[in-house]
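*Asks:* To start, I am sharing the structure in question, which I have written as structure tokens.
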Amino acid sequence: SSVVMSSSGDRAYVLNSQWRTNGGGIYSLKIGCDDSIKNEGLVTASKLPQQIAQLAGGQMLVAAHDWGSSPMDQDLHLVSEVSSSAPVSSTTVFPDRDAIVRSSALSGDEKFMLLGDTSGADRIAIASVSASAVSGVQVLGPLEDPYAIQFSPFNDAVLVSSGFGDALYTLSYDPDNANAPFAIVGELSYQGGKPLLPGNIVMIERGDLQGTALISENNGVRQVLFEGGGVVTDKGLTKIHESYASVVGALGVQP
């Protein structure tokens, strides 16, 4: 379902978001100095691994129903390395076992992990993160179909694309509020009309365009600007086509 580069750059980790009996888990591709790629196979078995994030200290956060030898039906796991079958810590962030975690985001200060549930429950769960533990602290909603989540590069706001809701929402962030660090601010004030099926978000993190987020839509790409101080501004849609046969699905930005 997704590919994540290791922090060292010598491996790519592939998430197979299936049950264990169907090959669910994390797979490793070793990248050689000569650019050769070796398939190292399954590294750690996992039930429905959906999202992965790397911490600055080398640890990883994995959103999955289990990890290696962890107890079943937990949502988020703090892992020392992907080859470690025993997580450092695991937690339950959703109040039930029905969540489908389609999106995630790690705060810039690495204090909190956000997980977006697209199962129809219309919610985002938040977990606190430390070097030794993860713990569920908050569930926000209703927020329909949180398809993608993006933190501001200034670590003071969050942008959420609501796919089936045809909307873009912002969240406020107060890192000093341990029990309720996030709150739903509301929809953006749109330039040129509401978005149509907004999807993936890619953000430019440095240079003159720092804070510019590009969002895939039904017939083009929308620009939204993180301006600092919690301000998020819609800059409008650039249409690419008018045909449903060419819906924008994925975005990438040259480094």
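Just so we're aligned: the sequence shown equals residues 2 to 256 in this note's numbering.
We put the CB at the ideal spot given by N, CA and C, even for glycine.
The structure presented is a predicted model; accordingly, all values stated were derived computationally and were not measured.
1. So, do the stretch 221-230 and the stretch 118-128 have three or more beta carbon pairs nearer to each other than 8 Å?
2. To which residues does DSSP link Lys-39 through a beta bridge?
3. Quick one: using the 10 Å Cβ neighbour count with 16 as the cut-off for buried, is Ala-158 buried or exposed?
4. Taking 8 Å as the cut-off, is the CB of Ser-190 close to at least one heavy atom of the ligand NAD?
5. For Leu-79 versus Ser-86, is the C-beta spacing smaller than 9 Å?
6. Taking only three categories from DSSP, how would you classify Asn-180?
7. Can you confirm whether the stretch 53-72 touches the stretch 31-43 when touching is taken to mean that 3 or more C-beta pairs between the two stretches lie within less than 8 Å?
8. Buried or exposed, going by whether 16 or more other CB atoms sit within 10 Å of the CB of Gly-24?
9. Grab the span of the beta strand (DSSP E) containing Leu-198 for me, first residue to last.
10. Please classify Ala-246 as buried or exposed, where buried requires at least 16 other C-beta atoms within 10 Å of its C-beta.
11. For the beta strand (DSSP E) holding Tyr-14, just list the boundary residues, first then last.
12. What do you reckon, are the CB atoms on Val-232 and Ala-214 nearer than 9 Å?
13. Pull the bridge partners of Glu-188 from the DSSP assignment, please.
14. Tell me whether Ala-134 sits in a helix, a strand or coil according to DSSP, three-state version.
15. Going by other Cβ atoms of all chains shown within 10 Å of its Cβ, with 16 needed for buried, is Thr-239 buried or exposed?
16. Span of the beta strand (DSSP E) holding Glu-228?
17. Quick one: what's got a C-beta closer than 7 Å to Gly-193's C-beta in the same chain, skipping five residues either side?
18. For Met-6, list the residues DSSP reports as bridge partners.
19. Within 10 angstroms of the Cβ of Ala-149, are there 16 or more other Cβ atoms? Answer buried if so, exposed if not.
*Replies:* Result, derived from the coordinates:
1. Judged by pairs of C-beta atoms under 8 Å, the stretch 221-230 does not touch the stretch 118-128, as fewer than three such pairs exist.
2. Lys-31
3. Answer is buried; the Cβ neighbour count reaches 16.
4. This structure lacks the ligand NAD; in fact it carries no ligand of any kind.
5. Note that the C-beta distance between Leu-79 and Ser-86 is not below 9 Å.
6. coil
7. Fewer than three beta-carbon pairs drawn from the stretch 31-43 and the stretch 53-72 are found closer than 8 Å, and the two stretches are therefore not classed as touching.
8. exposed
9. For Leu-198, no beta strand (DSSP E) segment is defined, and its DSSP state is neither H nor E.
10. exposed
11. 12-17 is the span of the beta strand (DSSP E), which, as asked, contains Tyr-14.
12. no
13. As DSSP reads the structure, Glu-188 sits in a beta bridge with Tyr-170.
14. coil
15. exposed
16. 221-229
17. Gly-237, Leu-238
18. Ala-13
19. buried
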